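Taking it in order: structure first as structure tokens, then the write-up.
Numbering (this note's numbering), first residue to last: 2 to 300.
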């Protein structure tokens, strides 16, 4: 075949591709898809930046030493801070994390190890998925019905139980999904060395994905830190400083909700300061987790 013939054949093979209506339609669809994807991403980033900038602009004005060292002021009062709701939130979130973390991790291990062999595991995974999508106010009403209504008063323990029920399914699903990323070869090597199944799950698989599990725990903490609806039916609020978990206790989400809707400028300013504290506390937790536990799944 001569060079002219080869050139003609080459051009003939390329020319139909550029003029092919199917090819041109797919190329147009691809470009439109990319344009809409970038527009959606830009819109999401714009809204997120707008929210964060508004929060920082209004919240920084309330940041001072008194915000962390003084109790909430009375209606129409000047000054004051958020010491009592900060302490109350730390107590409930801390205890709730201590309750939900071991339960969620152990349940996730069970689902990953026996999920394909047990009907109970399939039911557990189904119930966990339902709890993940359930509105938090439903959890609060559930705890109110079975605990608060029976004991006859609101309490910090009721709020702790409510947020624990919200955190557990997050930890369960994260642990389950992370353990499934561990290569089968790693498990088979451990079994070949004579390790029992429980030791393979706890020492080999869980250790291999500890960064992902810790991230899941922090995601659960981030979610329960700002929950307001369940605490309205369980812990309620307390105007004064209190560490008695058996009585109503102040907490940041409820105080922010109450102060933000008030007609008092001082309360509204404290609400912005509290929202800023929660936001950047969660952000700091996520940054620290990604920095301290950065690792890759072993191949």
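Ideal Cβ placement from N, Cα and C applies to all residues, glycine included.
Computed from a predicted model, the values in this text were never measured in an experiment.
- Proximity of the stretch 99 to 119 to the stretch 194 to 211 meets the contact definition, three or more beta-carbon pairs being nearer than 8 Å.
- Rounded to whole angstroms, residue 251 and residue 42 show a C-alpha spacing of 38 Å.
- In the three-state DSSP reduction, residue 236 falls in the coil class, being neither helix nor strand.
- Just so you know, the alpha carbons of residue 192 and residue 105 end up roughly 25 Å apart.
- Under the 10 Å beta carbon count, residue 131 is surrounded by fewer than 16 other beta carbons and is classified as exposed.
- Rounded to whole angstroms, residue 143 and residue 261 show a C-alpha spacing of 27 Å.
- If you check the CB distance, residue 254 and residue 232 come in under 7 Å.
- Here the alpha carbons of residue 188 and residue 201 stand approximately 7 Å from one another.
- Take residue 258, set aside five residues on each side of it, and the residues of its chain with a beta-carbon closer than 6 Å to its own are 229, in chain order.
- Using a 10 angstroms sphere on the CB of residue 97, the tally of other CB atoms reaches 16 or more, which defines it as buried.
- Taking C-beta atoms under 8 Å as the contact rule, residue 156 and residue 291 fail to qualify, at a distance of about 35 Å.
- Spanning the alpha carbons of residue 90 and residue 280 requires a straight line of approximately 14 Å.
- Nearest in C-alpha terms to residue 276, of all of 121, 48, 59, is 59.
- Restricted to the stretch 60 to 106, the alpha helix (DSSP H) segments that are unbroken, complete and at least 4 residues in length are 66 to 70, listed in chain order.
- Under a 10 Å Cβ-count criterion, residue 101 is classified as buried, with 16 or more other Cβ atoms of the shown protein chains found around its own Cβ.
- Our two residues, residue 120 and residue 175, have alpha carbons roughly 20 Å apart in a direct line.
- According to the DSSP assignment, residue 211 belongs to the alpha helix (DSSP H) that extends over 211 to 226.
- Considering only 194, 84, 180, the residue with the shortest C-alpha distance to residue 211 is 180.
- Distance from the Cα of residue 137 is smallest, within the candidate group 169, 150, 123, 124, for 169.
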